[in-house]
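A.B. asks:
Protein chains in written order, with this note's numbering: chain A, 1 to 231; chain B, 232 to 580.
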């Protein structure tokens with residue numbers, strides 16, 4: 001017990017004194033997760049809109065498939081991305097394996113189903129009456145879509161934040177395509193995994209607390225947004 | 232005619248909802264589309280409002296066939312506005328809701344503000360402009376939704392069951408306002424309702440839809456006083472409807488001979504409105520050609536009046552009696568009474 005208390009005390013001191021290694025890992029993790037979330041939002045919120053408003057055969061099956069991919073194992077995504085960007089893979093020419101770009105790409109793939117699927121759910125939750133109302137007030141299809149999206153903005157934002165939450169807490173993709181290179185591709189989760197293996201309990205605990213803090217911020221943000229939506 | 236729908240067929244999946252409906256809506260009229268729930272009213276309104284394409288049939292708006300070209304179709308759609316049975320308000324204030332349709336038409340600034348204020352005044356929500364739309368009550372929400380479509384000054388305003396689920400007093404108030412607005416704006420109003428009394432309170436002409444087909448169309452007076460069949464008679468609220476055998480100006484009803492002013496033979500139906508039946512304790516000498524003796528079977532309150540059910544040779548007649556008249560004759564179940572009604576008051580179909 002005293003061992004844990006000592007580790008916790010060292011961890012707190014590392015956080016409070018601004019330990020450079022700990023904070024650089026935290027900052028890198030934030031940057032990578034933010035970049036992949038922004039890219040995902042830019043790509044997959046519009047895709048969610050297209051799937052919601054589009055009328056095509058197999059729509060239900062497509063939406064169902066996206067929803068089943070919410071919980072795709074991160075190591076599976078990591079492996080897929082690895083196979084694509086490794087030297088012999090179809091995207092090997094990009095030369096991004098074991099760089100932060102590889103992690104960003106992997107996390108974009110990982111959170112794509114969440115952002116797309118939850119955007120569709122958000123748009124569906126507005127009900128048909130909203131789109132019909134916009135349509136009968138004289139809007140064309142694009143303006144109807146924009147109006148529905150704007151009415152569902154809180155729920156869509158929640159889907160993006162949920163994506164961020166998954167990106168920042170995943171370990172499989174970061175370790176497989178990032179390589180956990182110190183000072184370059186090491187993130188909070190990969191550093192914790194490595195630190196625990198090496199017996200560096202205090203620094204792992206410090207990184208864990210920061211990760212927990214970031215996860216809590218995500219959760220609070222989601223709650224605040226949902227509260228705002230109800231008002 | 233502002234709108235002509237010809238032989239409209241509309242299917243949902245494999246089910247046919249409209250089976251070839253033809254309706255003509257005169258310019259500046261207050262046209263009421265009536266029919267029981269599930270008769271296809273909403274489907275027809277959606278087709279009329281160019282929201283859904285019919286599977287077959289043609290739509291002519293303001294003398295021109297509805298264009299297939301997207302841009303032209305949008306222009307035509309913007310001459311119409313639709314208010315749904317359960318209106319949905321956007322996030323924001325009542326004013327921002329009403330301004331939205333104007334905004335997409337490029338109307339903003341001072342002109343928009345004037346039109347919004349005028350629309351709010353028309354519906355009696357002058358002080359509600361800055362209220363959050365999500366805080367409106369049911370009646371206020373309908374009126375705000377009405378202002379949102381009125382502000383667009385449409386040539387054709389379509390409303391689907393605008394008074395459904397409203398308290399009776401709000402319902403009367405909203406119908407009165409809609410009628411006043413129609414008179415004031417001169418636009419054409421097309422309203423769907425399942426309630427014939429609502430239709431009478433608001434419109435002047437209409438059509439009755441049943442199972443995806445038009446059952447009867449014309450002035451509401453004609454529909455009310457000359458229902459063309461038993462369904463129409465029931466729909467318009469007529470009671471005392473009987474299957475009979477006609478023979479000239481008489482009809483055989485059970486063992487009774489009912490006199491009427493028509494000339495018919497063969498099987499058919501007749502109806503005697505409860506309001507025209509006079510109940511008395513003694514046989515009086517009147518000009519009414521139908522006079523029968525019977526026994527009171529039931530006396531039931533109907534709003535401020537009473538329904539007195541009188542059985543005559545196995546046939547039951549319901550007479551609508553005022554509270555004053557009932558206290559004068561003082562009948563109760565079992566009382567022997569006489570009933571009489573004019574031959575001209577008997578409806579045949």
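For glycine and all other residues, C-beta sits at the position ideal for the given N, C-alpha and C.
No experiment lies behind these values; they were computed from the predicted model shown.
(1) Residue 385(B) and residue 312(B) - do their beta-carbons sit closer together than 8 Å?
(2) Buried or exposed, going by whether 16 or more other CB atoms sit within 10 Å of the CB of residue 271(B)?
(3) Output, in chain order, the set of chain A residues within a Cβ distance shorter than 9 Å of residue 300(B).
(4) Please tell me whether residue 280(B) has its Cβ less than 8 Å away from any Cβ of chain A.
(5) According to DSSP, simplified to helix, strand and coil, what is residue 557(B)?
(6) Starting from residue 567(B), follow its DSSP beta bridges and name the residues at the other end.
(7) Relative to chain A, which residues along the region 288–312 of chain B have a C-beta separation below 7 Å, given in chain order?
(8) In three-state terms, what does DSSP make of residue 470(B)?
(9) For the beta strand (DSSP E) that contains residue 441(B), what are its first and last residues?
(10) Do residue 98(A) and residue 185(A) have their beta-carbon atoms positioned less than 8 Å apart in this structure?
(11) Leaving out five residues before and five after residue 321(B) in sequence, what residues of the same chain have Cβ atoms less than 8 Å from its Cβ?
(12) Since residue 338(B) meets chain A, which of its residues come closer than 7 Å, beta carbon to beta carbon?
(13) Closer than 9 Å by beta-carbon distance: list the chain B residues that pair up with residue 55(A), in chain order.
(14) Along the chain, which unbroken stretches of the alpha helix (DSSP H) at least 4 residues long are found entirely within the region 70–137 of chain A?
(15) Could you check where the beta strand (DSSP E) with residue 548(B) kicks off and where it finishes?
(16) Beta strand (DSSP E) containing residue 177(B): first to last residue?
(17) Residue 317(B) by DSSP, collapsed to three states: which one?
(18) Once DSSP output is grouped into helix, strand and coil, what is the label at residue 266(B)?
(19) Residue 513(B): buried (16+ other C-beta within 10 angstroms of its C-beta) or exposed?
(20) State the CB to CB distance for the pair residue 409(B) and residue 279(B), rounded to an integer number of angstroms; the pair is presumed to be in contact (CB under 8 Å).
(21) Since residue 509(B) and residue 571(B) are thought to touch, with beta carbons under 8 Å apart, how far apart are those beta carbons, to the nearest angstrom?
(22) Among residues of its own chain, excluding the 5 on either side of residue 354(B), which ones have a beta-carbon nearer than 8 Å to its beta-carbon?
(23) Quick one, are the C-beta atoms of residue 261(B) and residue 401(B) less than 8 Å apart?
(24) By Cβ distance, which residues of its chain are closer than 6 Å to residue 287(B), with the 5 residues on each side in sequence left out?
(25) Who are the near neighbours of residue 432(B) in its chain, counting only those whose CB is closer than 6 Å to its CB and skipping five residues on each side?
(26) From the beta carbon of residue 130(A), is the nearest beta carbon of chain B less than 8 Å away?
(27) Closer than 7 Å: is that where the CB of residue 351(B) sits relative to any heavy atom of the ligand ATP?
(28) Got a sec? Which residues, its chain only, sit under 8 Å from residue 397(B) by beta carbon, not counting five neighbours each side?
(29) Between residue 331(B) and chain A, is any beta-carbon pair separated by less than 8 Å?
(30) In terms of residue numbering, what span does the beta strand (DSSP E) encompassing residue 494(B) cover?
(31) Is there at least one Cβ from chain B nearer than 8 Å to residue 137(A)'s Cβ?
(32) Quick one: Cα of residue 100(A) to Cα of residue 175(A), how far?
C.D. replies: Taking the coordinates as given:
(1) As a first step, residue 312(B) must be located in the second chain, where it is residue number 81. As a first step, residue 385(B) must be located in the second chain, where it is residue number 154. Their beta carbons are under 8 Å apart, which means residue 312(B) touches residue 385(B) by this criterion.
(2) Numbered from its first residue, the second chain carries residue 271(B) at position 40. The residue in question, residue 271(B), is buried, as its Cβ has 16 or more Cβ neighbours within 10 Å.
(3) The residue given as residue 300(B) occupies position 69 in the second chain. None at all; the shortest Cβ gap to chain A is about 13 Å.
(4) For this step, residue 280(B) is matched to residue 49 along the second chain. Cβ-Cβ to chain A under 8 Å: yes for residue 280(B).
(5) Looking up residue 557(B) in the second chain gives position 326. Residue 557(B): helix per DSSP, three-state reduction.
(6) Here residue 567(B) corresponds to residue number 336 of the second chain, with the count starting at 1. Residue 567(B) is bridged to 526(B).
(7) 305, 308, 309 and 312
(8) Position 239 of the second chain, counted from the first residue, corresponds to residue 470(B). Three-state result, residue 470(B): coil.
(9) Counted from its first residue, the second chain places residue 441(B) at position 210. Note, residue 441(B): beta strand (DSSP E), 436–441.
(10) Position 185 of the first chain, counting from 1, holds the residue named residue 185(A). Position 98 of the first chain, counting from 1, holds the residue named residue 98(A). In contact: residue 185(A) and residue 98(A) (Cβ atoms closer than 8 Å).
(11) Counted from its first residue, the second chain places residue 321(B) at position 90. Taken in chain order, the residues that qualify are 327, 328, 331 and 364.
(12) Translated into the one-based positions of the second chain, residue 338(B) becomes position 107. Residues of chain A passing the Cβ test: none, with the nearest at roughly 11 Å.
(13) Stepping through the first chain from its first residue, residue 55(A) is reached at position 55. Simply none; closest approach about 13 Å.
(14) 74–85, 100–124 and 128–136
(15) For the purposes of this step, residue 548(B) is identified with residue 317 of the second chain, where counting begins at 1. Start and end: 546–552.
(16) Residue 177(B) is absent from the structure shown; chain B starts at 232 and stops at 580.
(17) Here residue 317(B) is taken as the residue at index 86 of the second chain, counted from 1. DSSP places residue 317(B) in coil when its eight states are reduced to three.
(18) Residue 266(B) sits at position 35 when you count from the first residue of the second chain. Looking at residue 266(B) - three-state DSSP - the assignment turns out to be coil, as it is neither helix nor strand.
(19) Looking up residue 513(B) in the second chain gives position 282. Residue 513(B) comes out exposed.
(20) Locating residue 409(B) in the second chain gives position 178, where the first residue counts as 1. Locating residue 279(B) in the second chain gives position 48, where the first residue counts as 1. Their Cβ separation, rounded to whole angstroms, is 18 Å, which puts residue 409(B) and residue 279(B) out of contact at 8 Å.
(21) Indexing the second chain from 1 puts residue 509(B) at position 278. Indexing the second chain from 1 puts residue 571(B) at position 340. That belief holds up - the Cβ atoms of residue 509(B) and residue 571(B) are roughly 5 Å apart, short of 8 Å.
(22) Counting from one through the second chain, the residue named residue 354(B) turns up at place 123. Excluding sequence neighbours, residue 354(B) sits near 374, 375, 377, 378, 381, 408 and 412.
(23) As a first step, residue 261(B) must be located in the second chain, where it is residue number 30. As a first step, residue 401(B) must be located in the second chain, where it is residue number 170. No, the pair does not count as a contact, with Cβ atoms beyond the cut-off.
(24) As a first step, residue 287(B) is located in the second chain; it is residue number 56 there, counting from the start. 240.
(25) The count along the second chain starts at 1 and reaches residue 432(B) at position 201. For residue 432(B), where only same-chain residues beyond five positions count, the Cβ hits under 6 Å are 406.
(26) Counting from 1 along the first chain, the entry for residue 130(A) is found at position 130. Output row for residue 130(A): interface = yes.
(27) Ligands in the displayed structure: none, and consequently the ligand ATP is not present.
(28) Counting from one through the second chain, the residue named residue 397(B) turns up at place 166. The answer, listed in chain order, is 369, 370, 373 and 405.
(29) By 1-based counting over the second chain, the position of residue 331(B) is 100. Answer yes: the Cβ-Cβ gap between residue 331(B) and chain A drops below 8 Å somewhere.
(30) Position 263 of the second chain holds residue 494(B). It spans 487–502 - the beta strand (DSSP E) in which residue 494(B) sits, taken as one unbroken run.
(31) As a position in the first chain, residue 137(A) is number 137, starting the count at 1. Closer than 8 Å to some Cβ of chain B, the Cβ of residue 137(A) qualifies, so yes.
(32) The residue labelled residue 100(A) in the question sits at position 100 within the first chain. The residue labelled residue 175(A) in the question sits at position 175 within the first chain. Cα to Cα, residue 100(A) sits roughly 11 Å from residue 175(A).
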